[in-house]
Ligand SMILES: Nc1ncnc2c1ncn2[C@@H]1O[C@H](COP(=O)(O)OP(=O)(O)O)[C@@H](O)[C@H]1O
Ligand SMILES: [Mg+2]
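Protein chains in written order, with my numbering: chain W, 46 to 790; chain B, 30 to 120; chain D, 30 to 120; chain R, 20 to 252.
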């Protein structure tokens, strides 16, 4: 039923749509009149934080976006980088945090659906998925339920599409107990000439809707994503969307088929805010206007109002701008794939977004007002006091722990939720379909071959919320550095990043401080490592009952291997190979898994990051990759050196699953084994190559330390004449592999 | 304590899209079954319960649905009780 | 032509292992519901059909089950007819 | 050898089969859209993996009514070679070209991993390159792969050697630990009475190139090539 304008004004109904009074006044000024209910709804969704980036735009502008490889930067549905040979890669990450908290399976499934359509809109064939997940500790039932539901949802949707999920990351921490996070990334491949734009170009061209019918699903989903989950959220919960991966699969094939016909001049996915945002965005990008008739939209529910239709977030739909007179080409393709299709309007030249219901105009607003004229806020940033109260974890105390059983600690760590094997997750994902997965999940980055070339593409997604909580600037930078390190460890050269920034309520100065600092760190790291930002996504208001999530910037990075034969993997290859540590950055226990699991300390000061050292390390490894002198390569991350070495052993080839390593130095054994730090990579090489490894490292100014040798099946770490750890690798592998399955059964 | 059989039907709420139902209906249409106007697909569960009374069994079944068997966000359920009768294959 | 609602229950034959039922029962047990003795999980389908008579509707539903809705190798089905009544959302 | 790769709405291993056949085995392969009814002129028809019709209702249940399946039936009756992989196997079973049914994995999860299979019958057109008892390493990727069949048929199929592949350890032991989905008697692939229709859950097309993890898929797809060239096992 239509809400009358008098009632809107009298009852301040914009507040119910999440608009502030000042925002309502701004709308009035832009229109020169009162908006009607449908118009107000349209503004409320496009000016929501999710679509409008009201609180983040200013900070994001500081990120570097230019670079040699960049073909399309931020602003389109996804960024595009050049691979050479006329090929291009497009990729993007998006969050679906609020939906998974309500319905984990469908929330995650529709998250995949959404990100895949972004990639599809660029004209690319989607080729791979990654997922970055955060849950509360698995000891509690609710996080277990969300975790298993999310993994099943990603599997259920992604597997059905025939897209391999090739990587991701998964953390369990109290900081996510009430705010689980689900960020998903999709990567697509295309030829340069196929790059599409989301533009409503060509006055008179037709606006067509392809895919599913439209129902009342998810009305106001993006407004909802821009609010904290509070006591009364259940009532405000929009109808949960149910994904239909079968229709999405048909949509992919139909769009790619249309791509070859040249009748489509613009493509836009329909995600948040459905028809409203897709029409407004395409018109505003092209500088045109658009008019549509809601009675032409194929519906699946009765009695839908223009408001419902404009705001519906029904899944599996795409908006196409089609050359006038060529609609039948689209109709034929739609028929072949069994999809709904309708011509709902046309492109105009007056800059207005006009909505008809039959012959009656039900909304008429400047397209740009919706997309470009949302208010921009410069929130107050204030350093939260907790940061000044952090103390380094008393290393003296740790050093005095000479009587610790290091083997027992190692086993505890290996079996703990954050370090244990992720196999339970990725074995539910079809990670091999499309037969391009050369390095499957379980390595540092995943590597996909590009059929018909000798190239490989490396992809990784990384972030560390606990570090970012303890040091926002370094946390933001470290996410980029870790992603780069992971790519480099497979032999890939990092090209560019996309990001997903998961934070609490930005209107709180402490939260905005975390955000601004993390973005600053991310920008500095991108400049230092030569990886521009091609786009991203911001997810604010990850709070429930006033408690914010760990600030969690997630970085999705792509890299290029010119010669896939030169790729490197984590596992040791031959007993007798020499194990070398490259890089010697500062280590600390603050924020480490050891501090958390063994010392029960959540705070502390995390390790510092030296971006120059990081860049040098990456260059050194890439140089060694070219020279083909390495047998294996793995970065040292969560869990420290002992855990990294164990992982190389677990993944070792038969007869090369052990290590014999000597540690020494000015830190005590627990720190040497388990302290975490950035800019460290463990490599192994055949004995005759060691000198060259050392020399090439030194040329780049990277510290090198020979740690020991690959052994056949025993894992031992010595300290002078003391044995710190000595165990059959099989036994360690068992702890590591059984970690998650045990917690989940 | 008496044994009861609870027959529980769990369906997606009418406003929620049911992709399975749509796909089944479409294929029935192409098979020529135009008399089929709509299809919805849900779950059917059969539980054997011990309870003091029929009412007790019903309340228990309801609790189970709320707790685990149905997802209140997207599904609705309906419970029917029957005498335990012939065991129809145990689990 | 009259509209009928066919409520169709499709269950695995008792001789076929139903791991879903077992899993549901196990989680109910760990949740403390020891009064639940067995669980089996199947499908419930609701069709709206047009037919000349109740008998015609029944026969049609039976045909659909035999053709598509149930797999006779492992499943058995049961049909109930109800008046079409209130439309419960489209497909 | 000329090979048809059938494309159903929702097939997603069609391109993988096509690629493995053409690029890795040098076979002349063609896509055949599910609405086509003419499949004359082909030596082999492959029903690839994926989620035809979303695998809604039951995997393979709706696809069996696609127009092309009438021709596939006829093709098989005339002795043409039909290979159903994963979803293709499910479709063959639903269509009655092979006995039994494929049920939800006993672990109730989709499983994607490398498995090892024992070749129990090397005298079929699909395994002629293999030795009896040979162990192949092939990936699986399915949620409904638990093979089930009534005991009479099982006995008949067992006795006649129509169970072609069983999940087994690397040493060839078809034990419980080697079974990824609870399949009856560790069954991973079976052939029909006439020996010309084979269904298997594992994916040979994912293992025709060492770059993506292995080449054991060539034992299966290559056997077909040999058979078509020689005209006999
Ligand atoms: N949710 C997930 N989905 C798919 N793969 C995952 C997921 N979580 C972790 N992985 C994989 O498990 C391996 C280990 O992950 P992680 O410890 O985060 O690696 P790293 O520390 O090198 O970034 C990686 O190969 C990663 O891609
Ligand atoms: Mg790594």
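Every residue, glycine too, gets a C-beta built ideally from N, C-alpha and C.
Environment of residue 232 of chain W [buried if 16+ CB atoms lie within 10 Å]:
Here residue 232 of chain W is taken as the residue at index 187 of the first chain, counted from 1. Its Cβ being crowded by 16 or more others within 10 Å, residue 232 of chain W is buried.
Along the chain, which unbroken stretches of the alpha helix (DSSP H) at least 4 residues long are found entirely within the segment 728 to 758 of chain W?
You should have 735 to 744.
Got a sec: does ligand 1 put a non-hydrogen atom nearer than 7 angstroms to the Cβ of residue 178 of chain W?
As a working note, residue 178 of chain W is residue 133 in the first chain. Yes, Cβ of residue 178 of chain W sits closer than 7 angstroms to a heavy atom of ligand 1.
Let me check understanding here. Comparing Cα to Cα, which of R:134, R:106, R:117 lies closest to residue 29 of chain R?
Along the fourth chain, one-based indexing puts residue 29 of chain R at 10. Taking only the C-alpha atoms, the option nearest residue 29 of chain R is R:106.
How about residue 667 of chain W and residue 724 of chain W: are their beta carbons less than 8 angstroms apart?
Numbered from its first residue, the first chain carries residue 667 of chain W at position 622. Numbered from its first residue, the first chain carries residue 724 of chain W at position 679. At the C-beta level, residue 667 of chain W and residue 724 of chain W stay beyond 8 angstroms of one another.
Kindly indicate if chain D contains any beta-carbon less than 8 angstroms away from that of residue 64 of chain B.
For this step, residue 64 of chain B is matched to residue 35 along the second chain. Closer than 8 angstroms to some Cβ of chain D, the Cβ of residue 64 of chain B qualifies, so yes.
May I ask you to check if the CB of residue 150 of chain W is nearer than 7 angstroms to at least one heavy atom of ligand 1?
Within the first chain, numbered from 1, the residue matching residue 150 of chain W stands at position 105. Every heavy atom of ligand 1 is 7 angstroms or more from the Cβ of residue 150 of chain W, so no.
Beta-carbon neighbours of residue 125 of chain R, restricted to chain D and to distances below 8 angstroms:
Counting from 1 along the fourth chain, the entry for residue 125 of chain R is found at position 106. Near residue 125 of chain R (Cβ distances below 8 angstroms), the residues of chain D are 46, 48.
Could you work out which residues of chain W lie near residue 102 of chain B, taking near to mean beta carbons separated by less than 7 angstroms?
Position 73 of the second chain, counted from the start, is the residue given in the question as residue 102 of chain B. Within chain W, 147, 148, 285 have C-beta atoms less than 7 angstroms from the C-beta of residue 102 of chain B, given in sequence order.
Check the Cβ of residue 158 of chain W against every Cβ in chain B and list those closer than 8 angstroms, keeping chain order.
As a position in the first chain, residue 158 of chain W is number 113, starting the count at 1. Within chain B, no residue has its beta carbon less than 8 angstroms from that of residue 158 of chain W; the closest one is some 12 angstroms off.
Name the residues in the segment 57 to 76 of chain R whose C-beta lies less than 7 angstroms from a C-beta of chain B; which are they?
Within the segment 57 to 76 of chain R, those residues whose Cβ lies closer than 7 angstroms to any Cβ of chain B are, in chain order, 72, 73, 75, 76.
State the CB to CB distance for the pair residue 602 of chain W and residue 579 of chain W, rounded to an integer number of angstroms; the pair is presumed to be in contact (CB under 8 angstroms).
Walking along the first chain from the start, residue 602 of chain W turns up at place 557. Walking along the first chain from the start, residue 579 of chain W turns up at place 534. At roughly 10 angstroms, the Cβ-Cβ gap does not stay under 8 angstroms, so residue 602 of chain W and residue 579 of chain W are not in contact.
Any beta carbon of chain B sitting closer than 8 angstroms to that of residue 59 of chain D?
The residue you call residue 59 of chain D lines up with position 30 of the third chain. No, residue 59 of chain D does not count as interfacial toward chain B.
State yes or no: is the beta carbon of residue 167 of chain R nearer than 8 angstroms to at least one beta carbon in chain D?
Numbered from its first residue, the fourth chain carries residue 167 of chain R at position 148. Residue 167 of chain R counts as touching chain D.
Have a look at R:145, R:199, R:161 and flag the residue whose alpha-carbon is nearest the alpha-carbon of residue 64 of chain R.
The residue you call residue 64 of chain R lines up with position 45 of the fourth chain. Nearest to residue 64 of chain R by alpha-carbon distance, out of R:145, R:199, R:161, is R:145.
Along the segment 150 to 179 of chain W, what residues have a CB closer than 9 angstroms to any CB found in chain B?
Those would be 150, 151, in chain order.
Looking at C-alpha atoms only, which residue of W:599, W:525, W:482 is the closest neighbour of residue 660 of chain W?
As a working mapping, residue 660 of chain W is identified with position 615 in the first chain. When only C-alpha atoms are compared, the closest one is W:525.
Of the residues R:76, R:44, R:39, R:248, the one placed nearest residue 40 of chain D, counting alpha carbons only
If you number the third chain from 1, residue 40 of chain D lands on position 11. Just measuring C-alpha positions, the residue of R:76, R:44, R:39, R:248 sitting nearest residue 40 of chain D is R:76.
Under 7 angstroms between beta-carbons, which chain R residues line up against residue 39 of chain B? List them in chain order, please.
As a working note, residue 39 of chain B is residue 10 in the second chain. Those within 7 angstroms of residue 39 of chain B in chain R number zero; the least Cβ separation is about 16 angstroms.
Would residue 52 of chain B count as contacting chain W if we go by Cβ distances under 8 angstroms?
Translated into positions along the second chain, residue 52 of chain B becomes position 23. When Cβ-Cβ separations below 8 angstroms define contact, residue 52 of chain B makes contact with chain W.
Quick one: list the residues of chain W neighbouring residue 132 of chain R, beta-carbon separation under 8 angstroms, in chain order.
Numbered from its first residue, the fourth chain carries residue 132 of chain R at position 113. The answer, in chain order, is 472.
For residue 50 of chain D, which residues from the same chain have a beta carbon less than 7 angstroms from its beta carbon, with the 5 sequence-adjacent residues on both sides left out?
Position 21 of the third chain, counting from 1, holds the residue named residue 50 of chain D. Apart from sequence neighbours up to five positions away, the residues of its chain that approach residue 50 of chain D with a beta-carbon distance below 7 angstroms are 68, 69, 70, ordered along the chain.
Going along the chain, which residues of its own chain have a beta-carbon closer than 6 angstroms to the beta-carbon of residue 702 of chain W, five neighbours each way excluded?
Translated into the one-based positions of the first chain, residue 702 of chain W becomes position 657. Excluding sequence neighbours, residue 702 of chain W sits near 694, 758, 774.
Kindly indicate which three-state DSSP category residue 92 of chain W falls into: helix, strand or coil?
Position 47 of the first chain holds residue 92 of chain W. Per DSSP, reduced to three states, the secondary structure at residue 92 of chain W is coil, with no helix or strand assignment.
Give me the Cα-Cα distance between residue 227 of chain R and residue 616 of chain W, rounded to the nearest whole angstrom.
Mapped onto the fourth chain, residue 227 of chain R falls at position 208. Mapped onto the first chain, residue 616 of chain W falls at position 571. If you draw a straight line from the Cα of residue 227 of chain R to the Cα of residue 616 of chain W, it is about 23 angstroms long.
Give the residues of chain W in contact with residue 109 of chain R, contact being defined as C-beta atoms less than 8 angstroms apart.
In the fourth chain, counting from the first residue as 1, residue 109 of chain R sits at position 90. Going along chain W, no residue has its Cβ under 8 angstroms from residue 109 of chain R, so there is no contact; the nearest lies around 14 angstroms.
By how many angstroms is the C-alpha of residue 139 of chain R removed from the C-alpha of residue 252 of chain R?
Counting from one through the fourth chain, the residue named residue 252 of chain R turns up at place 233. Counting from one through the fourth chain, the residue named residue 139 of chain R turns up at place 120. Within the model, the alpha-carbon separation for residue 252 of chain R versus residue 139 of chain R is close to 15 angstroms.
Sequence-distant residues of its chain with Cβ nearer than 8 angstroms to residue 120 of chain B (five each side left out):
Residue 120 of chain B sits at position 91 when you count from the first residue of the second chain. Any reading at residue 120 of chain B needs caution, since the residue's pLDDT is 37, under 50, leaving its predicted position unreliable; the model's value is listed next. If the five residues before and after residue 120 of chain B are omitted, its C-beta is found closer than 8 angstroms to no C-beta atom of its own chain.
Would you check if there are 3 or more beta carbon pairs closer than 8 angstroms linking the segment 387 to 404 of chain W to the segment 242 to 249 of chain W?
Here the segment 387 to 404 of chain W makes contact with the segment 242 to 249 of chain W; the two share three or more CB pairs at distances below 8 angstroms.
Alpha-carbon to alpha-carbon, residue 34 of chain D and residue 83 of chain D
Locating residue 83 of chain D in the third chain gives position 54, where the first residue counts as 1. Locating residue 34 of chain D in the third chain gives position 5, where the first residue counts as 1. Approximately 10 angstroms between the Cα atoms of the pair.
Using 7 angstroms as the cut-off, classify the Cβ of residue 680 of chain W as near or not near the heavy atoms of ligand 1, replying yes or no.
Position 635 of the first chain, counting from 1, holds the residue named residue 680 of chain W. True, at least one ligand heavy atom lies under 7 angstroms from that Cβ.
Do residue 186 of chain W and residue 478 of chain W have their beta-carbon atoms positioned less than 8 angstroms apart in this structure?
As a first step, residue 478 of chain W must be located in the first chain, where it is residue number 433. As a first step, residue 186 of chain W must be located in the first chain, where it is residue number 141. Cβ distance not < 8 angstroms, so residue 478 of chain W and residue 186 of chain W don't count as in contact.
Buried versus exposed call for residue 645 of chain W [16 or more other C-beta atoms within 10 Å across all chains shown]:
Against the first chain, residue 645 of chain W aligns to sequence position 600. Exposed, because fewer than 16 other Cβ atoms sit within 10 Å of the Cβ of residue 645 of chain W.
Closest by CA to residue 495 of chain W, which one among W:145, W:57, W:534, W:128?
If you number the first chain from 1, residue 495 of chain W lands on position 450. Cα-wise, what sits closest to residue 495 of chain W is W:128.
Using Cβ-Cβ distances below 7 angstroms, what residues of the segment 190 to 212 of chain W are close to chain B?
For the segment 190 to 212 of chain W, which is checked against every Cβ of chain B, not one residue is closer than 7 angstroms.
Local conformation of residue 122 of chain W per DSSP, three classes
By one-based count along the first chain, residue 122 of chain W stands at place 77. In this structure, residue 122 of chain W counts as coil in the three-state DSSP scheme.
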